[in-house]
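Those protein sequence lines, which keep their order, are chains A and B. Each residue of the first sequence is one higher than the one before, counting from 418 in the numbering used here. Each residue of the second sequence is one higher than the one before, counting from 2 in the numbering used here. We put the beta carbon where it would ideally sit given N, CA and C, even for glycine. Owing to the predicted nature of the structure, the values given are computational and were not obtained by experimental measurement. So the structure is just underneath, and the comments pick up after that.
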Amino acid sequence: MRSVLVTDASTPVGERLVRELLDDPAIEHVLAVGPRPQEVALPFDRPGKLHYLQADLGRARHVRTLLFGPARDLAVDSVLHSALVEDPREAGRRVHALNVESTRELLHLSEGHPTIRRFVLRSFSEVYRIRADLPVLIEEDHPLNIGGNAPQWIQDRVEADVTVCTRMGLSPLQIAVVRTAECLAPGTGSQLFDYLESPICFRPAGFDPMVNVITIADLVRALRLTLASDAQGVFNVPGLDTLPLSSAVLKWGRPAIPVPGGWLHPLYRWRERVGGHAFRYGPNRLRFHYSGVLDGTRARRVLGYEPAVGVDWPLPVREAAGLRPGSHHEDDGEG
Amino acid sequence: MPVPPEIAWRIAERVLPAAERQRLADLVFRDEGHGYDAFGLHPAHVALGLALTAPLYDAWFRVISRGIEHVPSSGAAILAANHAGTLPLDAMMIWTDVLRRTTPPRVLRPVADHFVPNLPWIGTFFTRGGMVGGSRGNARALLEAGNLLLVFPEGTPAIGKPFSERYHLLEWRVGHVELAIRHGVPVVPVAVVGSEEQMPQVGRIPFLRPFGAPYLPIPLTPVPLPVRYHIHYGAPVRFDSRPDQADDPGVLSEAASRVRSAVEDLLQAGLRMRQGLFA
Numbered sequence: 418m419r420s421v422l423v424t425d426a427s428t429p430v431g432e433r434l435v436r437e438l439l440d441d442p443a444i445e446h447v448l449a450v451g452p453r454p455q456e457v458a459l460p461f462d463r464p465g466k467l468h469y470l471q472a473d474l475g476r477a478r479h480v481r482t483l484l485f486g487p488a489r490d491l492a493v494d495s496v497l498h499s500a501l502v503e504d505p506r507e508a509g510r511r512v513h514a515l516n517v518e519s520t521r522e523l524l525h526l527s528e529g530h531p532t533i534r535r536f537v538l539r540s541f542s543e544v545y546r547i548r549a550d551l552p553v554l555i556e557e558d559h560p561l562n563i564g565g566n567a568p569q570w571i572q573d574r575v576e577a578d579v580t581v582c583t584r585m586g587l588s589p590l591q592i593a594v595v596r597t598a599e600c601l602a603p604g605t606g607s608q609l610f611d612y613l614e615s616p617i618c619f620r621p622a623g624f625d626p627m628v629n630v631i632t633i634a635d636l637v638r639a640l641r642l643t644l645a646s647d648a649q650g651v652f653n654v655p656g657l658d659t660l661p662l663s664s665a666v667l668k669w670g671r672p673a674i675p676v677p678g679g680w681l682h683p684l685y686r687w688r689e690r691v692g693g694h695a696f697r698y699g700p701n702r703l704r705f706h707y708s709g710v711l712d713g714t715r716a717r718r719v720l721g722y723e724p725a726v727g728v729d730w731p732l733p734v735r736e737a738a739g740l741r742p743g744s745h746h747e748d749d750g751e752g
Numbered sequence: 002m003p004v005p006p007e008i009a010w011r012i013a014e015r016v017l018p019a020a021e022r023q024r025l026a027d028l029v030f031r032d033e034g035h036g037y038d039a040f041g042l043h044p045a046h047v048a049l050g051l052a053l054t055a056p057l058y059d060a061w062f063r064v065i066s067r068g069i070e071h072v073p074s075s076g077a078a079i080l081a082a083n084h085a086g087t088l089p090l091d092a093m094m095i096w097t098d099v100l101r102r103t104t105p106p107r108v109l110r111p112v113a114d115h116f117v118p119n120l121p122w123i124g125t126f127f128t129r130g131g132m133v134g135g136s137r138g139n140a141r142a143l144l145e146a147g148n149l150l151l152v153f154p155e156g157t158p159a160i161g162k163p164f165s166e167r168y169h170l171l172e173w174r175v176g177h178v179e180l181a182i183r184h185g186v187p188v189v190p191v192a193v194v195g196s197e198e199q200m201p202q203v204g205r206i207p208f209l210r211p212f213g214a215p216y217l218p219i220p221l222t223p224v225p226l227p228v229r230y231h232i233h234y235g236a237p238v239r240f241d242s243r244p245d246q247a248d249d250p251g252v253l254s255e256a257a258s259r260v261r262s263a264v265e266d267l268l269q270a271g272l273r274m275r276q277g278l279f280a
């Protein structure tokens with residue numbers, strides 16, 4: 418990996434990734450792409466190494482111009498791409514073009530590109546289906562959330578993911594899909610983050626599923642490891658924090674109010690309309706009832722990724738494990 | 002009952018004797034960083050669970066168990082037991098017995114039918130105590146992490162077994178031996194005597210399916226009868242088959258028959274040993 422194309426450079430994850438790639442002496446060029454001007458998207462510069470291009474990847478012509486213009490000139494050998502629309506409230510053909518068609522076009526053109534050898538798609542844990550009868554620990558072959566009732570932001574992510582997966586082994590490219598846990602940070606498209614931003618967090622009474630969240634630092638490290646690797650396939654990338662939803666709410670400094678499940682949909686629809694928030698209960702209903710935690714065994718074994726940086730919780734709650742006389746971990750004894 | 006761990010622990014402190022609380026300090030589990038394992042188990046809730054089941058175990062069912070030495074003190078294994086009694090009190094009593102009588106204390110991971118996680122409060126409370134939904138992926142992950150699984154190969158139909166068919170094993174499913182062969186772990190046969198008379202059913206309402214349960218049972222008594230429980234653990238059944246033979250229906254059928262026979266033998270011996278329903 419010497420020259421890298423990053424397509425979602427204007428997001429917090431993209432920005433952090435670009436910064437780290439720029440600090441990597443093994444990287445010659447970083448070609449960053451975003452919909453906004455560079456002074457807004459990436460408020461820094463590294464002349465000669467960072468190349469920013471404002472482009473609308475929803476337009477096939479822009480994708481072609483990008484790949485066979487600056488990407489070819491800079492001898493880009495690796496592409497990191499992600500669904501481009503973070504806000505689940507946005508929908509329609511234009512959004513689909515940005516999320517899915519841009520992925521298809523980028524992949525297709527990369528296959529015929531003179532210098533690109535590696536294609537990495539950053540995907541999301543939301544592509545997995547969560548249900549009572551499915552495993553809590555989600556491996557890469559877990560069923561996908563392809564139900565017709567899923568909203569467009571999930572359907573688009575699943576379609577982009579599957580579009581890339583179908584080319585694995587058939588394409589001249591080395592393809593990897595990285596399905597990452599939810600990132601508790603603004604601008605990452607995390608529904609959980611928006612949910613936690615409420616002054617009061619309502620949750621379904623009687624249920625308290627386990628959730629896993631990742632930090633931008635770990636996410637970016639996983640993406641860099643994937644870019645640097647030759648490995649093909651799908652990789653789950655969990656974060657360091659696995660905890661019940663109610664604990665996440667409390668650690669975020671919010672009261673967690675259990676209410677009957679049937680109330681949550683209208684409550685959050687009202688919040689969305691009045692407050693303009695992005696969180697929608699409907700698509701998250703099952704995740705708020707049943708546990709789903711990414712199993713990162715494959716990423717650990719193949720990419721060498723191990724979550725290391727935990728969420729900086731605003732209100733650390735006393736760990737209950739410390740309430741008992743001692744705490745023993747399986748690694749310490751039982752095999 | 003998803004109470005916060007500190008409250009769960011405080012309740013347990015009031016109910017459990019100091020020695021029992023001290024034993025729980027040696028509980029082995031994989032802490033994912035916030036005191037819980039990935040499936041939702043928390044030691045404070047295990048302690049709370051024990052505080053709630055101990056009176057049933059000691060005073061109501063007056064459990065006597067034999068053969069606990071057959072339960073491995075470390076490493077993965079599957080406990081396979083007969084199932085009955087309208088309410089899953091047999092699972093709770095085995096869970097309590099293993100927790101109390103193994104050293105260091107081991108938390109059984111009962112594998113429940115898919116409707117159990119759908120039960121508000123109850124599903125969460127059981128999960129905090131170690132229960133997992135009955136998917137192959139959950140069982141595989143737990144065995145790979147060296148856990149003890151509790152399965153009822155007769156499945157949910159057995160819990161509604163008519164009184165006249167008590168201690169007659171129903172169709173014995175093969176999933177547990179498939180897991181055992183694939184992961185090279187032993188199956189410990191378990192017979193529970195007493196549970197099959199605890200709460201006879203006089204009927205069921207099949208069209209009422211609360212939270213996905215297969216039916217709504219109508220028990221003869223509003224609370225379980227105070228029958229005496231006898232839990233018998235047998236010698237572990239080990240299989241010589243290679244892991245790839247876990248796909249062979251013939252191998253699985255033969256292996257399941259061995260486990261079923263072992264449970265059947267333990268049941269018959271336990272029934273012969275028993276001096277009365279309440280004695």
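| Considering only C-alpha positions, which residue in the set B/A247, B/Y230, B/P163 and B/T157 is nearest to B/A181? | Working through the second sequence from its first residue, we reach residue 181 of chain B at position 180. Measuring from the Cα of B/A181, the nearest candidate turns out to be B/A247.
- Message: For A/E751 and B/G147, what's the separation of their Cα atoms in angstroms?
- Response: Along the first sequence, one-based indexing puts residue 751 of chain A at 334. Along the second sequence, one-based indexing puts residue 147 of chain B at 146. Below a pLDDT of 50, predicted positions are generally treated as unreliable, and A/E751, at 33, falls in that range; no measurement from the model is reported.
Margin query: Any beta carbon of chain B sitting closer than 7 Å to that of A/V553?
Written below: Stepping through the first sequence from its first residue, residue 553 of chain A is reached at position 136. Yes, contact with chain B.
Under a three-way DSSP split, which group does B/Y1 fall into?
Only positions 2 to 280 of chain B appear in the structure, and residue 1 of chain B is not among them; the question remains open.
- prompt: Tell me which same chain residues have a C-beta within less than 6 Å of the C-beta of B/P154, skipping the five on either side of it?
  reply: Taking the second sequence and counting its residues from 1, one reaches residue 154 of chain B at position 153. Hits under 6 Å: A81, W173, R174 and H177.
- Alpha carbon to alpha carbon, what distance is there between A/V710 and A/A472? Against the first sequence, residue 472 of chain A aligns to sequence position 55. Against the first sequence, residue 710 of chain A aligns to sequence position 293. One C-alpha to the other measures close to 35 Å.
Query raised in the report: Short check: CB of B/F40 to CB of B/V133, under 7 Å?
Result: As a working note, residue 40 of chain B is residue 39 in the second sequence. As a working note, residue 133 of chain B is residue 132 in the second sequence. The answer is yes: Cβ separation under 7 Å.
**OP:** Taking the CB atoms as reference points, tell me whether B/V186 and B/A78 lie closer together than 7 Å.
**Re:** Position 185 of the second sequence holds residue 186 of chain B. Position 77 of the second sequence holds residue 78 of chain B. A contact, by the Cβ cut-off of 7 Å.
task: Just tell me which of A/R671, A/V654, A/Y612 and A/N653 has its CA closest to the CA of A/H682.
output: In the first sequence, the residue the question calls residue 682 of chain A occupies position 265. That would be A/Y612, whose Cα lies nearest to the Cα of A/H682.
Considering only the beta carbon of each residue, do A/V517 and A/A577 sit closer than 7 Å? For the purposes of this step, residue 517 of chain A is taken as residue 100 along the first sequence, with counting starting at 1. For the purposes of this step, residue 577 of chain A is taken as residue 160 along the first sequence, with counting starting at 1. Yes, Cβ-Cβ distance for A/V517 and A/A577 is below 7 Å.
Check: Which residues bound the beta strand (DSSP E) around B/R1?
Finding: Within the shown structure, residues of chain B are numbered from 2 to 280, placing residue 1 of chain B beyond reach of any answer.
Are there 16 or more other CB atoms within 10 angstroms of the CB of B/A263, so buried, or fewer, so exposed?
-> For this step, residue 263 of chain B is matched to residue 262 along the second sequence. So B/A263 counts as buried.
At the level of alpha carbons, what is the spacing between A/V640 and B/E33? In the first sequence, counting from the first residue as 1, residue 640 of chain A sits at position 223. In the second sequence, counting from the first residue as 1, residue 33 of chain B sits at position 32. The sequence given here places Leu at residue 640 of chain A; Val does not occur at that position. Distance between the alpha carbons of A/L640 and B/E33: 23 Å.
- Note down, in chain order, every chain A residue with its Cβ under 8 Å from the Cβ of B/V133. Numbered from 1 along the second sequence, position 132 holds the residue referred to as residue 133 of chain B. Result: V553.
**Request:** For the segment 594-620 of chain A, list the alpha helix (DSSP H) runs that are entirely contained and at least 4 residues long, ordered along the chain.
**Result:** 608-613
Look at the Cβ atom of A/W669, then the Cβ atom of A/P568, and state whether they are nearer than 7 Å. Here residue 669 of chain A is taken as the residue at index 252 of the first sequence, counted from 1. Here residue 568 of chain A is taken as the residue at index 151 of the first sequence, counted from 1. No, the Cβ-Cβ distance between A/W669 and A/P568 is not below 7 Å.
query: At which residues does the beta strand (DSSP E) containing B/M94 begin and terminate?
result: Translated into positions along the second sequence, residue 94 of chain B becomes position 93. Element bounds for B/M94: not the beta strand (DSSP E) but the alpha helix (DSSP H), L90 to R102.
Contact set between the segment 647-664 of chain A and chain B, restricted to residues whose Cβ is under 8 Å from the partner: L657, D658, T659, L660, P661, S663 and S664
* Pull out every residue of the segment 13-39 of chain B whose Cβ sits closer than 7 Å to any Cβ of chain A, in chain order. => Q23, L25, A26, D27, L28, V29, F30, R31, D32, E33, G34, H35, G36, Y37 and A39
Please classify A/V691: is it buried, with 16 or more other beta-carbons within 10 angstroms of its beta-carbon, or exposed?
-> To locate residue 691 of chain A, count along the first sequence from 1; it is residue 274. Its Cβ having fewer than 16 others within 10 Å, A/V691 is exposed.
Exercise for review: Look up B/H184 in the DSSP assignment and say whether it is helix, strand or coil.
Suggested key: Translated into positions along the second sequence, residue 184 of chain B becomes position 183. Helix, per DSSP.
* To do: Using a Cβ cut-off of 7 Å, pull out every chain B residue sitting near A/A622, in sequence order please.
  => Residue mapping note: residue 622 of chain A aligns to position 205 of the first sequence, counting from 1. In chain order: P121.
* Does any C-beta atom of chain A lie closer than 7 Å to the C-beta of B/G41? -> For the purposes of this step, residue 41 of chain B is identified with residue 40 of the second sequence, where counting begins at 1. Taking Cβ atoms only, chain A reaches closer than 7 Å to B/G41, which makes this a yes.
> Quick one: complete beta strand (DSSP E) runs, 3+ long, within the segment 613-697 of chain A?
Replying inline: 618-621, 627-631, 650-654, 658-661 and 673-676
Taking Cβ positions, are A/V450 and A/V435 nearer each other than 7 Å? Walking along the first sequence from the start, residue 450 of chain A turns up at place 33. Walking along the first sequence from the start, residue 435 of chain A turns up at place 18. The answer is no: Cβ separation not under 7 Å.
Quick one: using the 10 Å Cβ neighbour count with 16 as the cut-off for buried, is B/L268 buried or exposed? Translated into the one-based positions of the second sequence, residue 268 of chain B becomes position 267. Burial call: buried.
Can you check whether the CB of B/T157 is closer than 7 Å to the CB of B/M93? Here residue 93 of chain B corresponds to residue number 92 of the second sequence, with the count starting at 1. Here residue 157 of chain B corresponds to residue number 156 of the second sequence, with the count starting at 1. No, these two residues do not count as a Cβ contact at 7 Å.
| field | Nearest-angstrom Cβ-Cβ length linking A/V430 and A/L636, presumed shorter than 8 Å | value | Stepping through the first sequence from its first residue, residue 430 of chain A is reached at position 13. Stepping through the first sequence from its first residue, residue 636 of chain A is reached at position 219. Yes, A/V430 and A/L636 are in contact; Cβ-Cβ is about 6 Å, under 8 Å.
- Task: On the DSSP bridge assignment, give the partners of A/F536 in chain order.
- Result: Numbered from its first residue, the first sequence carries residue 536 of chain A at position 119. In the DSSP output, where bridge partners are listed per residue, A/F536 has A/V496 and A/I592.
* To do: Could you name the residues of chain B that A/Y545 contacts, counting a contact when the two beta carbons are closer than 7 Å?
  => Taking the first sequence and counting its residues from 1, one reaches residue 545 of chain A at position 128. Those within 7 Å of A/Y545 in chain B number zero; the least Cβ separation is about 12 Å.
Margin query: Quick check: is the beta carbon of A/P742 nearer than 7 Å to any beta carbon in chain B?
Written below: Walking along the first sequence from the start, residue 742 of chain A turns up at place 325. Because A/P742 carries a pLDDT of 38, less than 50, the predicted location of this residue cannot be relied on, and no value is offered for it.
Q: Count the other C-beta atoms from every protein chain shown that fall within 10 angstroms of the C-beta of A/G623, then say buried if there are 16 or more, exposed otherwise.
A: As a working mapping, residue 623 of chain A is identified with position 206 in the first sequence. Burial call: buried.
Check your understanding: Mind checking A/S495: buried by the 16 CB within 10 Å criterion, or exposed?
Key -> As a working note, residue 495 of chain A is residue 78 in the first sequence. By the neighbour-count rule (16 or more Cβ atoms within 10 Å), A/S495 is buried.
**OP:** Answer with buried or exposed for B/N139, where buried requires no fewer than 16 other C-beta atoms within 10 angstroms of its C-beta.
**Re:** The count along the second sequence starts at 1 and reaches residue 139 of chain B at position 138. By the 10 Å Cβ count, B/N139 comes out buried.
Measuring alpha carbon to alpha carbon, tell me which residue in B/P163, B/H169 and B/G131 is nearest B/V152. Residue numbering aside, residue 152 of chain B sits at position 151 when the second sequence is read from its first letter. It is B/G131 whose Cα lies nearest to the Cα of B/V152.
Mind checking if A/M585 is an interface residue toward chain B, Cβ cutoff 7 Å exclusive? As a working note, residue 585 of chain A is residue 168 in the first sequence. A/M585 does not count as touching chain B.
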